[in-house]
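Okay, so here's the structure we're looking at.
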Amino acid sequence: MDSDEIIEAPARRRCATEDVHRRLLNESISYRVARTDIENLAFAYASGEKRDDRTEVVNIPVVVHVVYNTEEQNVSREQIDSQIAVLNEDYRALNPDVKDVPPIWQGLVADLKIEFRLATVDPQGNPTDGVTRRQTTRTSFGGNDTVKFAATGGTDAWPSDRYLNMWVCQLSAGLLGYAQFPGGPAETDGVVITHTGFGKTGTARAPFELGRTATHEIGHWLNLFHIGGDDGTGCGGTDLVADTPNQSDQNVGRPKFPRITCGNGPNGDMFMNYMDYVDDAAMFMFTKGQLERIDACLAGPRQSLKGIPPSP
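Going by numbering that gives the first Met the number 0, the first residue of the sequence shown is number 0, and it counts up by one from there.
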């Protein structure tokens, strides 16, 4: 719904991906079936039953749908470019702060061999700069996908088998962003980021001013779960990745190493992983186990994106 409240930039990470996942599981039999197939393939990769010694870099075309109510929310091309640059550092382990990964885990740092480029051709084959802009009468959006449809004040998705759709808008209720796991409806496939958590300049605001919200949400789009396992403060959840320590709930802010939970000493939680909830400045790694899940995703539900040549 529209809201006349003053919406401040979030001070604590909040991601609605798991909420979307549960909603789709309840609503859609086809999603439940697809998710079972996707997880069976991910397990085959994790167990070594299937291997993917991928050496090539996958280039993913991106369309950024800017949906704005005020001119401030109409993020600049400079802000968009800064976000793409962050993704290309983080997904290649080229980010300068990767040096801050504790020595015990340096050997687990993974180059995911994925790069992102703004699309140069639109779905009709016409030249594009990879950005759409739409002014809306809505003052904010929630996690219910209304930003993904022109009929509800947003912008319709481009074909999700050819593009990563990223919607940038004003999110409400302290929400930083959310994604749709692979296997869901094509018309809602992609990630949504609030404009104050997008990129490194313009409207980006601390502590989410380094572009890591998109890194996190695209991780979900590539089938990574939250590192805490989404079981609240219990120790029974799992992200289905063997090399990420079991931990209690998500970490927030800027924890100090080691932070021990769930009997995972002496090294504790891998809170610097992009799939935790810490501030942008405190997250700076993916693991080799997460790479295995992503390779399974690129061999399965996202395989149509592997054959797309890089933009000139």
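For each residue, glycine too, the CB sits at the ideal point set by N, CA and C. Quantities reported herein were computed from a predicted structural model and do not represent experimental measurements.
Out of Asp278, Glu114 and Asp188, point me to the one whose CA is closest to Thr16's CA. As a first step, residue 16 is located in the sequence shown; it is residue number 17 there, counting from the start. Closest by alpha carbon: Asp188.
Please report the straight-line C-alpha distance between Leu290 and Pro60, rounded to a whole angstrom. Numbered from 1 along the sequence shown, position 291 holds the residue referred to as residue 290. Numbered from 1 along the sequence shown, position 61 holds the residue referred to as residue 60. When rounded, the distance between both Cα atoms is 20 Å.
Label Pro206 either buried or exposed according to how many other C-beta atoms from any shown protein chain fall within 10 Å of its C-beta, with 16 as the threshold for buried. The sequence position of residue 206 within the sequence shown is 207, counting from 1. That one is buried.
Could you tell me whether the Cβ of Arg292 comes closer than 8 Å to any Cβ of chain D? Of the protein chains in the structure, only one exists, and it is not chain D.
Using 8 Å as the Cβ pair cut-off and three pairs as the minimum, do the region 65-74 and the region 136-154 touch? yes
Would you check if the distance between the CB atom of Val277 and the CB atom of Pro254 is smaller than 8 Å? Against the sequence shown, residue 277 aligns to sequence position 278. Against the sequence shown, residue 254 aligns to sequence position 255. Result yes, Cβ atoms of Val277 and Pro254 sit closer than 8 Å.
Within 8 Å, strictly: CB atoms of Tyr90 and Arg292: Position 91 of the sequence shown holds residue 90. Position 293 of the sequence shown holds residue 292. No, Cβ-Cβ distance for Tyr90 and Arg292 is not below 8 Å.
Please look up how many angstroms separate the CB atoms of Leu175 and Arg12, rounded, as I've assumed it's under 8 Å. Looking up residue 175 in the sequence shown gives position 176. Looking up residue 12 in the sequence shown gives position 13. Confirmed, Cβ separation roughly 6 Å.
Quick one: what's His64 bridged to in DSSP? Here residue 64 refers to the residue found at position 65 when the sequence shown is read from its first residue. Paired residue(s): Thr131 and Trp166.
Span of the beta strand (DSSP E), counted from its first residue to its last, around Thr193: Translated into positions along the sequence shown, residue 193 becomes position 194. Per DSSP, Thr193 belongs to the beta strand (DSSP E) from Val190 to Thr193.
Chain-order list of residues whose beta-carbon lies under 7 Å from that of Val251 (same chain, five-residue window excluded): Within the sequence shown, the letter at position 252 stands for residue 251. So the list reads Arg11, Arg12, Tyr276 and Val277, once near-sequence residues are dropped.
Determine, using beta carbons only, whether Gln302 and Thr202 come nearer to each other than 8 Å. Taking the first residue of the sequence shown as position 1, residue 302 is located at position 303. Taking the first residue of the sequence shown as position 1, residue 202 is located at position 203. Cβ distance not < 8 Å, so Gln302 and Thr202 don't count as in contact.
Do Val97 and Met284 count as a contact pair if the criterion is CB distance below 8 Å? Translated into positions along the sequence shown, residue 284 becomes position 285. Translated into positions along the sequence shown, residue 97 becomes position 98. The answer is yes: Cβ separation under 8 Å.
Under three-state DSSP, which class holds Gly173? The count along the sequence shown starts at 1 and reaches residue 173 at position 174. Coil.
Cβ of Gln82 within 7 Å of any heavy atom in the ligand COA? With respect to the ligand COA, the structure shown offers nothing to examine, as it has no ligands at all.
When the Cα of Asp238 is compared with those of Met274, Asn266 and Ile37, which residue comes out closest? Walking along the sequence shown from the start, residue 238 turns up at place 239. Answer by Cα proximity: Met274.
Report yes if the C-beta distance between Gln72 and Gln169 is below 8 Å; otherwise report no. For the purposes of this step, residue 72 is taken as the residue at position 73 of the sequence shown. For the purposes of this step, residue 169 is taken as the residue at position 170 of the sequence shown. Yes. Within cutoff.
Using beta-carbon positions only, say whether Ala118 and Thr131 come within less than 8 Å of one another. Residue 118 sits at position 119 when you count from the first residue of the sequence shown. Residue 131 sits at position 132 when you count from the first residue of the sequence shown. No, Cβ-Cβ distance for Ala118 and Thr131 is not below 8 Å.
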